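To start, the structure under review is shown below, and the notes come after it.
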Amino acid sequence: MTSYNVKISGQELEFACEEGDTILRAALRAGVGMPYECNSGGCGACKVEVLNGEVENIWEDAPGLSPRDIKKGRKLSCQCIPTEDLEIKVRLNPEAMPLHKPIKGKAVLFEINKLTEDMAEFCFKTEHPAHFKAGQFALLDFPGITGSRGYSMCNLPNEEGEWRFIIKKMPDGSATTTLFEDYEVGAEIVIDGPYGLAYLKPEIPRDIVCVGGGSGLSPEMSIIKAAARDPQLSDRNIYLFYGGRTPSDICPPKLIEADDDLRGRVKNFNAVSDVEAAEAAGWNGDVGFIHELLGKTLGEKLPEHEFYFCGPPPMTDALTRMLMTEYKVPFDQIHYDRFY
Ligand code: FES
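The opening position of the sequence shown corresponds to residue 17 in my numbering, with each subsequent residue numbered one higher.
Here you go:
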């Protein structure tokens, strides 16, 4: 297979990029700490300047670039495929150096577990072991659908090659519509991973707060499972806050109850945001936004915790704002990957 050489300007560092791979994915496969978050064009964390050589841009209008970036000739390394040898300018991030180098390979769907009306756990198996950190994500390619989709694993790393994802059916999502309506056990896709920096850091000596909304529950389940099984963390409190629109979205209680390590170990709080649906269902739990419930529950103690969250942008924005401005939680205690 053809491969191109990518040199990082001002540093004695270069790596090979196989034909069709993006600059970012190739860098991470080579163990290079290229900055990134979403790996899908949305966040802008992976901007680079291409000093020499040509690239093909796989998503011209990716929201990760502002008009000013475009004017300055910046590119998103997660959206650029080299078509010849390159020289790029980028400030590397030692924290982005992969603990497990991403691998791309075929995966077979072997189980589907329905969780709510529009959310299910899809379980795939690869021939290679599923090596990742709890909280990371993988990029999934579905035959016939253009582009990769990022989904976080909800299980723990394993040698058997099992990759489990909690996925929500999106009303206008071509990939999730295909997955929910057409896929059956035995279907094949391609999994590329792991990616992501918002993984559990057990060495940090603070209680753990996970917050999820929608399919953002997936990485939080992985994190609470890893934390609950880690003997070093036996004295820590582990919290899971989950926000749904209606009571029928609230599946964490049954997931926690079904897991011997989580039952009695994880403190679970849930809120629903649709007042009418809550009343109609006779919901006697919290009504409102999940960040409000978090503030009400832990209040002034919030700065003593380490936060991991994943969910829709309005949720992650509101949480970050509340934690940092109202409760003065330092930014380095907050871990999430921006999927927008
Ligand atoms: Fe490239 Fe987010 S990592 S735009």
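C-beta: ideal position from N, C-alpha, C; glycine also.
Please read all numbers here as calculations on a predicted model, not as lab measurements.
{"Query": "Integer Cβ distance of residue 5 from residue 136, believed to fall under 8 angstroms", "Result": "Here the chain covers residues 17 to 356 and nothing more, so residue 5 does not appear."}
{"Query": "Buried versus exposed call for residue 207 [16 or more other C-beta atoms within 10 Å across all chains shown]", "Result": "buried"}
{"Query": "Heavy atom of ligand 1 within 7 angstroms of residue 150 beta-carbon", "Result": "no"}
{"Query": "Terminal residues of the beta strand (DSSP E) in which residue 337 lies", "Result": "Counting along the chain, residue 337 falls outside any beta strand (DSSP E), though it belongs to the alpha helix (DSSP H) covering 329-337."}
{"Query": "Option nearest residue 250 by Cα separation, candidates 222, 257, 228, 107", "Result": "222"}
{"Query": "Nearest-angstrom Cα separation, counted from residue 179 out to residue 140", "Result": "5 angstroms"}
{"Query": "Near ligand 1: residue 80 beta-carbon under 7 angstroms from a heavy atom", "Result": "yes"}
{"Query": "Residue 320 - DSSP class collapsed to helix/strand/coil", "Result": "helix"}
{"Query": "Where the beta strand (DSSP E) through residue 229 begins and ends", "Result": "223-229"}
{"Query": "CB of residue 252 within 8 angstroms of CB of residue 224, strictly", "Result": "yes"}
{"Query": "Residue closest to residue 53, alpha-carbon to alpha-carbon, out of 267, 246, 166", "Result": "166"}
{"Query": "heavy atom of ligand 1 below 7 angstroms from residue 111 C-beta", "Result": "no"}
{"Query": "Cutoff 7 angstroms; reference residue 230; Cβ partners in own chain excluding five residues on either side", "Result": "184, 327, 328"}
{"Query": "Meets three-Cβ-pair contact criterion under 8 angstroms: the region 96-104 and the region 156-172", "Result": "no"}
{"Query": "Residue environment, residue 361, which counts as buried when at least 16 other CB atoms sit within 10 Å", "Result": "In the structure as shown, the chain begins at 17 and stops at 356. Residue 361 is therefore absent and cannot be evaluated."}
{"Query": "Closest by C-alpha distance to residue 62, when choosing among 20, 33, 47, 43", "Result": "43"}
{"Query": "Residue 292 versus 284, 304, 246, residue with shortest Cα-Cα distance", "Result": "304"}
{"Query": "Beta-bridge partners of residue 71, as assigned by DSSP", "Result": "98"}
{"Query": "Cβ pair residue 213, residue 150 closer than 8 angstroms", "Result": "no"}
{"Query": "Chain-order list of residues whose beta-carbon lies under 7 angstroms from that of residue 144 (same chain, five-residue window excluded)", "Result": "119, 121, 177"}
{"Query": "Range covered by the beta strand (DSSP E) that runs through residue 208", "Result": "204-211"}
{"Query": "Sequence-distant residues of the same chain with beta carbon closer than 7 angstroms to residue 55, five excluded per side", "Result": "40, 94, 155, 166, 211"}
{"Query": "Residue 258 - partner residues in DSSP beta bridges", "Result": "228, 286"}
{"Query": "Residue 52 CB to nearest heavy atom of ligand 1 below 7 angstroms", "Result": "yes"}
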